[in-house]
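Residue numbers (our numbering): 96 to 350. Each residue gets a CB set at the ideal place from its N, CA and C atoms; glycine is no exception. To start, the structure under review is shown below, and the notes come after it.
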Ligand code: FER
């Protein structure tokens, strides 16, 4: 995994724009790239974060540069939040409850609001979801509940909580089975997962056993899953930006 070029911290020559799209009592932030976007990436923050967390200069400048150099095809990026307005309890237990019901909010409110704003809809092969930590947990929930909406999944340093909090670590085999069952229900059983974490990440002991258990279903997960671990990688946004720099160019590439 290459490091992000230092110059990508600075503003790029051409920049995307950020829009705020309201729905109900909430809103998402939308990154509109310079150039025509054919696809959309829903990027979900970690526990305690909000819509603004990923959309910091460090990330946005990097994306602008990647699009400018042609490393990344222009894509929309959506940053929502699973917390309700005014939510103060951001503990893992409570965040777990919020993310468990978030697939329904994506389906019923967010995706329609974004489609309406853009005047454009995307089929599942042009729609991705990824996230960090609790956003990774959210990504796995989307795999379980919204495989009809998403083809591309990028969980980073977060496990699947189908079998309860940190279930990927405590119940890897049952978790892998739940994911296998969800995949089998998808008519073509087709999707791509690119999971990443670091060997020093606090979520490593939860995600790693789950990814190893998923290897027991090579027919379904074999060529559709890519799992990479960064030696020494820790549980923070700087490390996640590096995973995004590494992983985003692979999204939406000929399935
Ligand atoms: C994990 C998944 C999510 C994990 C931590 C989280 C430590 C989130 C924690 C938080 O939001 O505080 O596997 O492992």
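Check: Check whether the Cβ of residue 74 sits closer than 7 Å to any heavy atom of ligand 1, and report yes or no.; Outcome: Residue 74 is absent from the structure shown; the chain starts at 96 and stops at 350.
Check: Buried or exposed for residue 274, please, with buried defined as at least 16 other CB atoms from any protein chain shown within 10 angstroms of its CB.; Outcome: buried
Check: Would you identify the three-state DSSP class for residue 158, choosing helix, strand or coil?; Outcome: helix
Check: Please state if the CB of residue 261 and the CB of residue 301 are separated by a distance shorter than 8 Å.; Outcome: yes
Check: Is the region 153-172 touching the region 234-247, taking contact as three or more C-beta pairs under 8 Å?; Outcome: no
Check: Under 8 Å, do residue 230 and residue 140 count as touching if we go by C-beta distance?; Outcome: yes
Check: By a C-beta neighbour count over all protein chains shown, 10 Å radius and 16 as the cutoff for buried, is residue 159 buried or exposed?; Outcome: buried
Check: What does residue 289 pair with, by DSSP beta-bridge criteria?; Outcome: 321
Check: With a threshold of 8 Å on Cβ separation, who are the neighbours of residue 135 within its own chain once the five nearest residues in sequence on each side are excluded?; Outcome: 170, 171, 172, 173, 209, 217, 221, 222 and 223
Check: Considering just the uninterrupted stretch of the alpha helix (DSSP H) at residue 136, what are its terminal residues?; Outcome: Note, residue 136: premise wrong, no alpha helix (DSSP H); beta strand (DSSP E) at 135-139.
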